[in-house]
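Q: In UniProt numbering, the protein residues as written are 1 to 162.
1. Just the Cα atoms here: how many angstroms apart are residue 19 and residue 59?
2. Ordered along the chain, which non-local residues of its own chain (more than five positions away) have a Cβ less than 7 Å from that of residue 115?
3. So, with DSSP's three-state summary, where would you put residue 143?
4. Apart from the five residues just before and just after residue 163, which ones in its own chain have a Cβ nearer than 7 Å to its Cβ?
5. Residue 13 to residue 86, Cα distance in whole Å?
6. Determine the direct distance from the alpha carbon of residue 145 to that of residue 120, and round the result to whole angstroms.
7. Taking the DSSP output, what are the residues bridged to residue 37?
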């Protein structure tokens, strides 16, 4: 097999892996237009990659806080530094439903999101990668634990008053 054929084969399996990995991947350009939209994003948004591609991320999700998100994205472009958005700061960037509605306790998906600059060979940044992690199980467990702790505090206070 020639080096070109091996390189193409390597690119093929890498792209297949990125498309099917169990985290959301969206690559946007400086106009916030989607360049890559993997199957996680397709499955949870209901928007196919062929529809999402070249569309503004902000127009695909008109209910996003556009000014807040633009500021975050512009900072990553300008500073060339990744940022991380925790579900504890903002429960979800994208309005995805939980995909475990029967076994899970949450209707909506809780998300951690990393926004990373993608450098060109010349060092410029013209694209960002948004990595969306489904942390619904962790968030639901933490919320349940916090609620149980609050109940225990109230019970303890009620017992100590007697």
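For every residue, glycine included, the Cβ atom is placed at its ideal position computed from N, Cα and C.
A: Taking the coordinates as given:
1. 22 Å
2. 72, 73, 76, 82, 83, 128 and 130
3. helix
4. The shown model of the chain, from 1 to 162, leaves out residue 163, and the question about it has no answer.
5. 31 Å
6. 45 Å
7. 26
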